[in-house]
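Participant: Residue numbers are given in our numbering: position 289 of the sequence shown equals residue 734, and the series is strictly consecutive. For every residue, glycine included, the Cβ atom is placed at its ideal position computed from N, Cα and C. Since we're looking at a predicted model, the values are computed, not measured.
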Amino acid sequence: MAITDEFLPVPVPESLSATYLVPTARGSGAKPAEAVAALGERLSDPVGDLALQMIDSPLMTVDTRPVSQFPELPPDLLAAFGATPGQLEQLRTANELVVVQAGYRPGWPPVHEWSARAVAAAIAQSLDGDLIDVFSLQFLDPATALRSLPDNDGRLRLVDWILVPYSPTDTGLWFTTKGLRRFGLLELQAQEVPAQFTRAWGAIMTGAARRLLRIWTESLTEQDVPAFVQLPIETTVTGHDIAVAYGSPERHDSAGSAGLRLDLDPATDPDADSFLTLLPPAGQAAAPAEYFAQICTRLFGSGQPEIRYTRPSDAMARAVETARRSLRSARDRFLIGGLPPGVQLVVKYGLATDEGQEFVWASVTSWSNPGRIVATSTSDAASDPTVRVGTPVVVETADVVDWALLDGRGVIEGGWTQAVLDERL
């Protein structure tokens, strides 16, 4: 296929590899083929056969090494990706690591990943322990690892193979994927995502990963690995893509869809990752934050806090007083980076209208001036057409009536006025 303005040439690696570890404190004595055979029907026939073939080939190695011979794995990162205290204790007390490594060419199926994970899960099961996926720095118990492998019909959930971490920036949330490189594809990223759409955008990123991975692997069906695969610059993510990625194709209306544009963001540091950046389609007038909010709402419904006109009351006055009394402390924590990872500071402020004040929320991006907050609106204002989800706003600190800390699940601190409103319902 010739390179055109409609396609993005993405380089294909010559080979791929997978590494899994099984910590043990009592010696492994691991016999991979016997461990795999002992799983019986817990492994699908295709994966079981594949694992046994790989064990007997030079494409897989299984060896036991002293812990001191393997680079130290950071406990804080393992915990951030879901490791339990018990799993961290397994690693801390381990004398040896069973190391399962496999390599294969890019394409589908990802033989290196399926076989290495199956063998590592089988060994962990035989040792009454857990395994570590080195690529994602995740601990997996054997049952979880086995459930992630394809069934007899080759079906699997992509969410079991990729993560979608995010972190706050001055302009919203920065999302990336971690897992597409298992299959040779560059990871995805998106910036300026409004904080209230954390879950919805994570699902859209996963759906986009599924759509692009399908195009990628369908381009790698020939025996000779091409130097490049041409991905479409403009792509559409559907509700069906998202549902299939989560393993529930029947649970989402496949009619919903959202257009996205791809841009290649090559790394300038040789040790850093390059990304495929998700952007609004060409010709889209809305800013990225505003467009991302629109498509999240289109596919999943509104994620913005309710806008309410309220009448004064003693309870509301106390709530506003509590919020304003602690607002300086909230600002101090924001400025020194004292908020937990993935948590956003939002403020609620009033807009003057003929009917009184309309209260809307905004996500703080900068607060260097004590009297003025630079933020991104998380609400559409009924009274001001310039205040839309994802648009930048400047808020006078004196107009703030409430603040809250939000993570992907909701309010974890603050939100006193909202609590009063909720009690009235």
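Can you list the beta strand (DSSP E) stretches of 3 or more residues lying completely in the stretch 521–564, in chain order?
Facilitator: 541–549
Participant: Inspect the beta-carbon positions of residue 810 and residue 819 and report whether they are closer than 8 Å.
Facilitator: Start at 1 with the first residue of the sequence shown, and residue 810 comes out as number 365. Start at 1 with the first residue of the sequence shown, and residue 819 comes out as number 374. Going by C-beta atoms, residue 810 is nearer than 8 Å to residue 819.
Participant: Under a three-way DSSP split, which group does residue 471 fall into?
Facilitator: Numbered from its first residue, the sequence shown carries residue 471 at position 26. In the structure shown, residue 471 adopts coil according to DSSP, grouped into three states.
Participant: Can you tell me where the beta strand (DSSP E) holding residue 653 begins and where it ends?
Facilitator: The residue labelled residue 653 in the question sits at position 208 within the sequence shown. Counting along the chain, residue 653 falls outside any beta strand (DSSP E), though it belongs to the alpha helix (DSSP H) covering 643–663.
Participant: Let's see if you can read the secondary structure: which residues bound the beta strand (DSSP E) around residue 779?
Facilitator: Taking the first residue of the sequence shown as 1, we reach residue 779 at position 334. First-last for residue 779: 772–780, but that is the alpha helix (DSSP H), not the beta strand (DSSP E).
Participant: Go through its chain and collect everything with a Cβ distance to residue 596's Cβ below 7 Å, but skip five positions before and after it.
Facilitator: Position 151 of the sequence shown holds residue 596. Hits under 7 Å: 489.
Participant: To the nearest angstrom, how far is the alpha carbon of residue 623 from that of residue 702?
Facilitator: Numbered from 1 along the sequence shown, position 178 holds the residue referred to as residue 623. Numbered from 1 along the sequence shown, position 257 holds the residue referred to as residue 702. The straight-line gap from Cα to Cα measures roughly 23 Å.
Participant: What separation, rounded to the nearest whole angstrom, lies between the Cα atoms of residue 497 and residue 487?
Facilitator: Mapped onto the sequence shown, residue 497 falls at position 52. Mapped onto the sequence shown, residue 487 falls at position 42. Residue 497 and residue 487: Cα-Cα distance of roughly 15 Å.
Participant: Please say whether residue 620 and residue 741 have beta carbons closer to each other than 8 Å?
Facilitator: Numbered from its first residue, the sequence shown carries residue 741 at position 296. Numbered from its first residue, the sequence shown carries residue 620 at position 175. Going by C-beta atoms, residue 741 is not nearer than 8 Å to residue 620.
Participant: Run through the stretch 455–522 for me and flag every whole alpha helix (DSSP H) of 4 or more residues, listed as ranges in chain order.
Facilitator: 477–484 and 490–500
Participant: Tell me whether the beta-carbon of residue 666 lies closer than 8 Å to the beta-carbon of residue 552.
Facilitator: For the purposes of this step, residue 666 is identified with residue 221 of the sequence shown, where counting begins at 1. For the purposes of this step, residue 552 is identified with residue 107 of the sequence shown, where counting begins at 1. Against a cut-off of 8 Å, the Cβ pair of residue 552 and residue 666 comes out as a contact.
Participant: When you compare only the Cα positions, how much space is there between residue 482 and residue 716?
Facilitator: Mapped onto the sequence shown, residue 482 falls at position 37. Mapped onto the sequence shown, residue 716 falls at position 271. In a straight line, the C-alpha of residue 482 is about 40 Å away from that of residue 716.
Participant: Taking residue 561 as the reference, give the member of 505, 679 and 584 with the closest Cα.
Facilitator: Here residue 561 corresponds to residue number 116 of the sequence shown, with the count starting at 1. When only C-alpha atoms are compared, the closest one is 505.
Participant: Would you list the one or two residues that DSSP bridges to residue 617?
Facilitator: The residue labelled residue 617 in the question sits at position 172 within the sequence shown. Answer by DSSP bridge pairing, in chain order: 614.
Participant: Using a 10 Å radius around the Cβ and a threshold of 16 neighbouring Cβ atoms, would you call residue 776 buried or exposed?
Facilitator: For the purposes of this step, residue 776 is taken as the residue at position 331 of the sequence shown. Residue 776 comes out buried.
Participant: Look at the Cβ atom of residue 576, then the Cβ atom of residue 467, and state whether they are nearer than 8 Å.
Facilitator: Sequence index remark: in the sequence shown, residue 576 carries index 131 (1-based). Sequence index remark: in the sequence shown, residue 467 carries index 22 (1-based). Taking 8 Å as the Cβ cut-off, residue 576 and residue 467 qualify as a contacting pair.
Participant: Between which residues of its own chain and residue 599 is the CB-CB distance below 6 Å, once the five residues before and five after are set aside?
Facilitator: What you label residue 599 is simply residue 154 of the sequence shown in a count that begins at 1. Excluding sequence neighbours, residue 599 sits near nothing in its chain.
Participant: Quick one, which of 609, 564 and 807 has its alpha-carbon nearest residue 526's?
Facilitator: Taking the first residue of the sequence shown as position 1, residue 526 is located at position 81. Comparing Cα-Cα distances from residue 526 to each of 609, 564 and 807, the minimum goes to 609.
Participant: Only counting the same chain, and skipping five residues up and downstream in sequence, which positions put a Cβ closer than 8 Å to that of residue 816?
Facilitator: If you number the sequence shown from 1, residue 816 lands on position 371. Excluding sequence neighbours, residue 816 sits near 841, 842 and 843.
Participant: For the alpha helix (DSSP H) holding residue 584, just list the boundary residues, first then last.
Facilitator: Translated into positions along the sequence shown, residue 584 becomes position 139. No alpha helix (DSSP H) holds residue 584; the beta strand (DSSP E) holding it covers 583–585.
Participant: I need the straight-line Cα distance from residue 476 to residue 586, nearest angstrom please.
Facilitator: As a working note, residue 476 is residue 31 in the sequence shown. As a working note, residue 586 is residue 141 in the sequence shown. Those two C-alpha atoms are separated by around 19 Å.
Participant: Please report the residue range of the beta strand (DSSP E) in which residue 735 lies.
Facilitator: Locating residue 735 in the sequence shown gives position 290, where the first residue counts as 1. Per DSSP, residue 735 belongs to no beta strand (DSSP E); it is in the alpha helix (DSSP H), 733–745.
Participant: If you reduce the DSSP assignment to three classes, tell me which class residue 570 lands in.
Facilitator: Indexing the sequence shown from 1 puts residue 570 at position 125. In the structure shown, residue 570 sits in a helix (DSSP, three-state: H, G or I).
Participant: Would you mind sorting residue 822 into buried or exposed? The rule is 16 or more other CB atoms within 10 Å of its CB.
Facilitator: Here residue 822 corresponds to residue number 377 of the sequence shown, with the count starting at 1. Residue 822 comes out buried.
Participant: Identify which residue in 564, 513 and 784 has its Cα closest to the Cα of residue 492.
Facilitator: Here residue 492 refers to the residue found at position 47 of the sequence shown. The alpha carbon of residue 492 has as its nearest neighbour, out of 564, 513 and 784, the alpha carbon of 564.
Participant: Can you check DSSP and say which residues form a bridge with residue 673?
Facilitator: Stepping through the sequence shown from its first residue, residue 673 is reached at position 228. Per DSSP, 456.
Participant: Based on Cα-Cα distance, which residue from 541, 631, 550 and 779 lies nearest to residue 572?
Facilitator: Here residue 572 refers to the residue found at position 127 when the sequence shown is read from its first residue. The shortest C-alpha separation from residue 572 is found at 541.
Participant: For the stretch 717–736 against the stretch 631–641, do three or more pairs of beta-carbon atoms, one drawn from each stretch, fall closer than 8 Å, so that the two count as touching?
Facilitator: Cβ pair count under 8 Å is three or more, so yes.
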